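Structure first, commentary second.
Residue numbers (the UniProt record's numbering): 1 to 278.
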């Protein structure tokens, strides 16, 4: 959404705005292994995954430009909950994130946070691990409980070797929820991401509003605390940002262009993270 604010009441020079902003950082995570695992889903299986979990596979392959994100984030106005420039304001909307994630809210229930976490037996049943083993695999990092990316990737290889593609798709989605949609600790899927995933899997609750709320919450937290990392769904934010700043471009076109760029670099052996130019 764009709002024109060409009135003298709120105009500031760009240099003044930037002088008062904090130094922000990003972390996109290591997605190389997850991308390779995702590519093991071919044709019908890939379509099945997309029908169940939306655009997660494509989001993994969006090469986010960290300098572009951090520069754009300098303009976030925490009290107004939008990105404020000299003559206009930009704010991501639910409708735009529905399109980016390819998870329409129509006919679904938005994710609703419960007072308790998903139970170990419930999660163990979904990812086909004995509850005792799962309990042993749960660890604490930065005072949050969850599963390591390495463990989930190891389990994905095991499922692929056994050709258990149904469970493979669920475990892959769980990993992407934690590493891409709701990243809080590097290489770690915390219980917040696990809860949203289980709600999607067992209650068909749509995570779009939760992803967007996390973007807003992270931006506000960064600016209020100063100098924190931007820990939210950077790929969705980057697709939205690029579409809004490229006049006349729609989100789907921008996403395809970003993925084509990554694909060409991969063929040339240049697919390092965060290398897409602005």
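All residues carry an ideal CB built from backbone N, CA and C; glycine is no exception. All values derive from a computational prediction rather than experimental measurement.
Separation of the CB atoms of residue 84 and residue 77 is rounded to 4 Å, and the pair is thereby assigned contact status at 8 Å. Between the alpha carbons of residue 67 and residue 220 lies a gap of roughly 19 Å. Under the three-state reduction of DSSP output, residue 191 falls in the helix class.
Straight across, the Cα-Cα distance linking residue 36 with residue 169 is about 13 Å. Judged by their CB atoms, residue 188 and residue 148 are nearer to each other than the 7 Å cut-off. The closest CA to that of residue 93, considering only 174, 61 and 101, is found on 101. In the DSSP assignment, the residues bridged to residue 26 are 230.
The alpha-carbon of residue 178 is positioned some 19 Å away from that of residue 125.
Around the beta carbon of residue 119, fewer than 16 other beta carbons lie within 10 angstroms, which makes this residue exposed.
Note that the C-beta distance between residue 180 and residue 103 is not below 7 Å. For the stretch 77-150, the full-length beta strand (DSSP E) segments reaching 3 residues or more read 82-84, 88-90, 139-141 and 144-148 along the chain. Between residue 165 and the set 218, 24, 128 and 113, the nearest pair of CA atoms involves 128. With three or more CB-CB distances shorter than 8 Å, the stretch 104-123 counts as touching the stretch 197-210. In this structure, residue 172 and residue 38 form a Cβ contact; the two beta carbons are roughly 6 Å apart against a cut-off of 8 Å. Taking the CA atoms as reference points, residue 243 sits about 27 Å from residue 186. If you draw a straight line from the Cα of residue 207 to the Cα of residue 161, it is about 30 Å long. Per DSSP, the unbroken alpha helix (DSSP H) holding residue 47 starts and ends at 43-53. Residue pairing from DSSP places residue 205 in a beta bridge opposite 109. By the 16-neighbour rule on beta-carbons within 10 angstroms, residue 184 is buried. Looking at 113, 140 and 130, the one whose alpha-carbon comes closest to that of residue 213 is 113. When 142, 58, 95 and 131 are compared, the shortest CA-CA separation from residue 190 is found for 142. C-alpha of residue 62 to C-alpha of residue 26: approximately 15 Å in a straight line. One alpha carbon belongs to residue 75, the other to residue 203, and they sit about 37 Å apart. If you ignore the 5 residues before and after residue 167, its C-beta comes within less than 6 Å of the C-beta of 128 and 159, all in its own chain and listed in chain order.
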